[in-house]
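Just so we're aligned, residue 0 is where the sequence shown starts under numbering that gives the first Met the number 0, counting upward by one.
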Amino acid sequence: MILEVLLLAVALDILLGEPPARIHPVVLIGLMISALQRRAQPTRAYGLAIALIVVFCTVATGHLLLKAASYVDIFGLSLGIVLSAYLLKSTIAIRSLLVTTARIGHMVESDLAEARKMLPALVSRDAEDLSRAQASSAVIESLSENYVDAILSPIFYFSLFSVVGLGVEAALAYKAVNTLDSMLGYKTENLIKLGYVSAKVDDLANWIPARLSVMIMAVAVPWRALPTIKTALRYHRAPASPNSGWPMAGVAGALGIRLEKSGSYTILCDGREPTTADIPRALRFIGAAIVLTLVLATLLPMAL
Numbered sequence: 000m001i002l003e004v005l006l007l008a009v010a011l012d013i014l015l016g017e018p019p020a021r022i023h024p025v026v027l028i029g030l031m032i033s034a035l036q037r038r039a040q041p042t043r044a045y046g047l048a049i050a051l052i053v054v055f056c057t058v059a060t061g062h063l064l065l066k067a068a069s070y071v072d073i074f075g076l077s078l079g080i081v082l083s084a085y086l087l088k089s090t091i092a093i094r095s096l097l098v099t100t101a102r103i104g105h106m107v108e109s110d111l112a113e114a115r116k117m118l119p120a121l122v123s124r125d126a127e128d129l130s131r132a133q134a135s136s137a138v139i140e141s142l143s144e145n146y147v148d149a150i151l152s153p154i155f156y157f158s159l160f161s162v163v164g165l166g167v168e169a170a171l172a173y174k175a176v177n178t179l180d181s182m183l184g185y186k187t188e189n190l191i192k193l194g195y196v197s198a199k200v201d202d203l204a205n206w207i208p209a210r211l212s213v214m215i216m217a218v219a220v221p222w223r224a225l226p227t228i229k230t231a232l233r234y235h236r237a238p239a240s241p242n243s244g245w246p247m248a249g250v251a252g253a254l255g256i257r258l259e260k261s262g263s264y265t266i267l268c269d270g271r272e273p274t275t276a277d278i279p280r281a282l283r284f285i286g287a288a289i290v291l292t293l294v295l296a297t298l299l300p301m302a303l
């Protein structure tokens with residue numbers, strides 16, 4: 000059943016993409032966070048309470064729905080399997096990440112001004128004055144980081160906890176934590192304390208997957224394994240995040256390019272300046288890592 004759920008979830012994601020917002024579990028998690036945030040004081044205690052409530056409600060709701068669905072069969076197919084696949088699919092974003100990256104990458108080459116307007120869908124930096132090389136770097140950095148956040152981490156926790164029958168719940172818990180961080184984990188005056196717990200728990204949740212991502216990249220594209228690993232070991236501390244530097248440095252090393260966020264960090268200082276041609280290369284590289292991730296995900300529960 001674990002394999003059936005995973006394969007169906009991946010098929011749903013690749014074939015159909017994201018579900019409508021009104022029935023998207025992650026959108027609903029976001030609405031819950033927003034509702035709690037409006038009633039919260041900007042303190043760490045309130046931030047802890049929000050994180051606990053959101054994660055507990057997400058996991059409990061998912062678990063109860065799956066329990067109820069497991070008793071229903073439709074034309075011989077367990078509704079529990081279908082619902083499990085749907086909930087798991089909501090935590091991963093293979094099609095969305097690859098399609099959005101390819102679309103913006105094409106615009107960086109053909110219409111830089113339009114690409115600058117689209118870049119906020121991928122990156123948080125100010126894109127108004129980015130050069131073509133800087134925009135290419137931003138796209139590749141985001142692709143690398145989101146490979147962990149949107150694909151590897153939820154699949155990792157699904158596979159790990161499936162051995163005790165809680166794979167989907169674990170993936171939902173991760174996605175709740177990741178959504179908390181994406182909404183509250185900023186160092187602004189109003190959020191620096193309120194989002195502290197969310198940011199730290201997200202760092203903890205991604206700690207193993209971020210480091211695992213480099214090994215997966217190296218195995219997926221073995222002829223670039225040495226520069227992938229060497230660059231990751233040398234430059235993973237360049238960004239302030241304890242995790243994002245690992246996949247970004249891995250991709251930089253594999254492609255031999257310099258990734259840079261002006262005023263913040265530079266990865267692979269002696270690498271060449273990225274061009275728009277490097278975006279399809281990065282997509283193929285991450286695509287190979289995604290395929291290997293899915294293969295490993297089918298094997299991990301059996302190995303444990």
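Virtual Cβ for every residue (Gly too), placed ideally from N, Cα, C. Quick caveat, the model's predicted, so the values are computed rather than measured.
When burial is assigned at 16 or more other CB atoms within 10 Å of the CB, is residue i buried or exposed?
i	result
lysine 186	exposed
aspartate 201	buried
isoleucine 73	exposed
tyrosine 70	exposed
isoleucine 13	exposed
glutamate 188	exposed
arginine 236	exposed
leucine 127	The question names leucine, but residue 127 is glutamate in the sequence shown. Exposed, by the Cβ-count rule.
threonine 57	buried
aspartate 125	exposed
glutamate 144	buried
leucine 183	buried
leucine 165	buried
threonine 275	buried
methionine 106	buried
glycine 262	exposed
valine 213	buried
leucine 15	exposed
valine 250	buried
Residue i lies in the beta strand (DSSP E); which residues open and close that run?
i	result
isoleucine 266	264-266
leucine 258	258-260
Taking the continuous alpha helix (DSSP H) assigned at residue i, which residues delimit it?
i	result
leucine 5	1-15
glutamate 168	166-183
lysine 192	Counting along the chain, lysine 192 falls outside any alpha helix (DSSP H), and DSSP gives it neither H nor E.
proline 226	224-234
alanine 34	24-37
threonine 99	93-109
isoleucine 154	152-161
leucine 118	Leucine 118 -> no alpha helix (DSSP H), and no H or E assigned at all.
leucine 129	Where leucine 129 is concerned, there is no enclosing alpha helix (DSSP H), given that its DSSP letter is neither H nor E.
Near residue i, which residues of its chain fall below 6 Å by C-beta distance, leaving aside the five closest residues on each side in sequence?
i	result
proline 238	Gly244 and Tyr264
alanine 92	Ala149
valine 54	Ala172 and Ala175
arginine 210	Trp245
glutamate 168	Val58, Gly61 and His62
phenylalanine 160	Gly166 and Ala169
Do you know whose CA, among the options, lies nearest residue i's CA?
i	options	result
proline 273	Gly262, Leu258, Leu282 and Val9	Leu258
glutamate 108	Ile49, Leu129 and Leu63	Leu129
glycine 270	Gly184, Pro226, Gly46 and Val176	Pro226
isoleucine 215	Val196, Arg233, Leu171 and Leu293	Leu293
glutamate 3	Leu87, Val53, Val176 and Leu190	Leu87
isoleucine 304	Ala219, Ala231 and Ile32	Look at the range of the chain in this structure, 0 to 303, and you will see that residue 304 is not part of it.
glutamine 40	Thr275, Leu5, Gly194 and Val163	Gly194
proline 246	Lys199, Lys116, Gly184 and Val147	Val147
alanine 10	Tyr156, Val81, Gly61 and Trp222	Val81
phenylalanine 284	Pro221, Leu298 and Arg94	Pro221
proline 208	Leu118, Leu151, Met117 and Lys116	Leu151
leucine 121	Ala137, Met106 and Glu113	Ala137
leucine 298	Phe157, Cys268, Leu27 and Arg94	Phe157
valine 290	Ala219, Met117 and Gly249	Ala219
methionine 31	Ser83, Ala114 and Leu179	Leu179
tyrosine 45	Ala248, Val196 and Ser212	Val196
leucine 203	Asn177, Ser95 and Ala217	Asn177
Residues in the same chain with beta-carbon distance under 8 Å from residue i, minus the five sequence neighbours each way, listed in chain order, please.
i	result
tryptophan 206	Pro241 and Asn242
histidine 23	Glu17 and Ser89
leucine 282	Leu97, Thr100, Ala101, Gly104 and Leu142
isoleucine 154	Leu5, Ile91, Ala170, Thr292, Leu293 and Ala296
glutamine 36	Ile49, Met182, Leu183 and Leu193
Look up residue i in the DSSP assignment and give the residues it is bridged to.
i	result
serine 77	Asp72
arginine 271	Ile256
Starting from the C-beta of residue i, find all residues in its chain whose C-beta is less than 7 Å away, skip the five residues before and the five after it, and write them out in chain order.
i	result
aspartate 277	Ser135, Ile139, Leu254 and Ile256
leucine 111	Arg131 and Ala134
arginine 280	Leu254
serine 309	The displayed coordinates of the chain run from 0 to 303. Any statement about residue 309 would go beyond what the structure contains.
serine 77	Ser69
glycine 252	Pro226, Thr227, Lys229, Thr230, Ala231 and Leu267
Does residue i have its Cβ less than 8 Å from a Cβ in chain B?
i	result
serine 212	The question asks about chain B, but that chain is absent: this structure has only one protein chain.
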